[in-house]
Every structure is written in C-alpha cells, then in structure tokens.
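Novice: This is the structure I have questions about; it appears just below.
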Amino acid sequence: MDNAIRQVTGTGHRIRTDLSATLFLSHPDEYDGGDLIVEDTFGTHAVKLPTGHMILYPATSLHHVRPITRGARLASFFWIQSMVREDAERTLLFDLDTGIQRVAQEQPAHPASIQLTGVYHNLLRRWAEV
1 MDNAIRQVTG
11 TGHRIRTDLS
21 ATLFLSHPDE
31 YDGGDLIVED
41 TFGTHAVKLP
51 TGHMILYPAT
61 SLHHVRPITR
71 GARLASFFWI
81 QSMVREDAER
91 TLLFDLDTGI
101 QRVAQEQPAH
111 PASIQLTGVY
121 HNLLRRWAEV
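As structure tokens, this is what we get:
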C-alpha cells in the first residue's frame with residue numbers, strides 16, 4: 001500500500017494517491033522474478049508486462065515486487081489523484097460508461113443510451129472534486 005498523500009517534488013503541492021501506475025521498461029525475458037504482485041478484492045495477481053506496457057491499480061491495494069534473481073528490472077512508477085476520490089465510485093462510473101458505449105455501438109442515439117449518459121454525468125457531478 002502506498003502513502004496516502006505525496007508531495008509534488010519542487011512545489012508546495014500535495015496529491016492524494018488514489019491510483020498507482022507501474023510502467024514496465026524492461027522486457028520480461030531480460031530478468032527472472034520481479035513480478036509485481038497486487039492483492040485486491042478479486043484475489044492476488046502477478047503482473048510482468050512487456051516493455052512499454054503499464055498497469056493501473058488502486059493505491060489502496062496491497063502490492064509488492066518479487067525478488068529479482070537474474071538480470072535487471074527497470075520500471076517507472078507513479079501515483080495519480082483522481083477527480084473521483086473513492087475507488088468504488090470510479091468503478092461504477094467505468095462500468096456505466098462501458099455499458100453506454102456498448103449500447104451506442106449497437107444502436108446510436110438509442111433513448112436508453114441518452115438517459116444513461118445523463119445518469120453518468122449526474123453521478124460525476126456528485127462525486128467529482130475539482
């Protein structure tokens with residue numbers, strides 16, 4: 001789990017660490033071990049992605065990196081403050097948006113799509129901190 005608040009280097013600004021991101025800079029064949037382990041409500045996930053790929057996950061998740069037994073693992077990791085503070089609310093917005101996009105692909109301008117888009121934006125108004 002990451003620190004809840006981080007100082008933005010060189011400034012007086014601080015951010016909440018709502019989301020963690022790991023960008024893989026080494027190819028998986030260049031090292032052994034070094035898997036990113038993320039534990040969340042859906043279980044434990046081992047992640048070892050190709051160069052240039054990134055994983056984004058809630059910063060509240062327990063996570064660690066397995067020891068590297070050969071080679072070198074290069075990665076960049078950083079934190080993001082979301083306009084929507086709560087992970088559960090971000091998840092609901094994501095699921096709703098995904099459903100809206102599916103309906104819109106099958107039947108553009110369907111009344112249900114328009115209504116659900118309104119619900120999405122009203123929830124965003126309620127939950128966003130700007």
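Okay, so the sequence shown: first residue is 1 according to the numbering used here, each after it adds one.
Yeah, the Cβ is synthetic: ideal placement off N, Cα and C, and Gly gets one too.
Please read all numbers here as calculations on a predicted model, not as lab measurements.
Based on Cα-Cα distance, which residue from T69, D87 and R102 lies nearest to L29?
Specialist: A small fix is needed here, since residue 29 is Asp in this sequence, not Leu. For D29, the nearest C-alpha among the options comes from T69.
Novice: Looking only at DSSP bridge pairs, what is D32 linked to?
Specialist: Answer by DSSP bridge pairing, in chain order: R70.
Novice: Give the DSSP bridge partners of F78, in chain order.
Specialist: Answer is A21.
Novice: Could you spell out where the beta strand (DSSP E) holding T44 opens and where it closes?
Specialist: That run of the beta strand (DSSP E) goes G43 to V47.
Novice: Determine the DSSP secondary structure at E39, reduced to helix, strand or coil.
Specialist: E39 falls in the strand class under three-state DSSP.
Novice: Given 8 Å as the limit, is there contact between the segment 34-47 and the segment 98-116, that is, 3 or more CB pairs closer than that?
Specialist: In short, these stretches do not touch, since the Cβ pair count stays below three.
Novice: Can you grab the Cα-Cα spacing for the pair T76 / L19, in whole Å?
Specialist: Reading off the sequence, residue 76 comes out as Ser, not Thr. When rounded, the distance between both Cα atoms is 14 Å.
Novice: Opposite M54 in the DSSP bridges: which residues?
Specialist: Answer is L23, bridged to M54.
Novice: So what does DSSP say about V8, is it helix, strand or coil?
Specialist: The answer is coil: DSSP assigns V8 none of H, G, I, E or B.
Novice: Excluding the 5 residues flanking K48 on each side, which residues of the same chain have their C-beta closer than 6 Å to its C-beta?
Specialist: Counting only Cβ-Cβ distances below 6 Å, and skipping sequence neighbours, we find P28 and D35.
Novice: For R73, collect the residues of the same chain with a Cβ closer than 6 Å to its Cβ; drop the 5 residues on either side in sequence, then sort them by chain order.
Specialist: Answer for R73: S26, Y31 and G34, listed in chain order.
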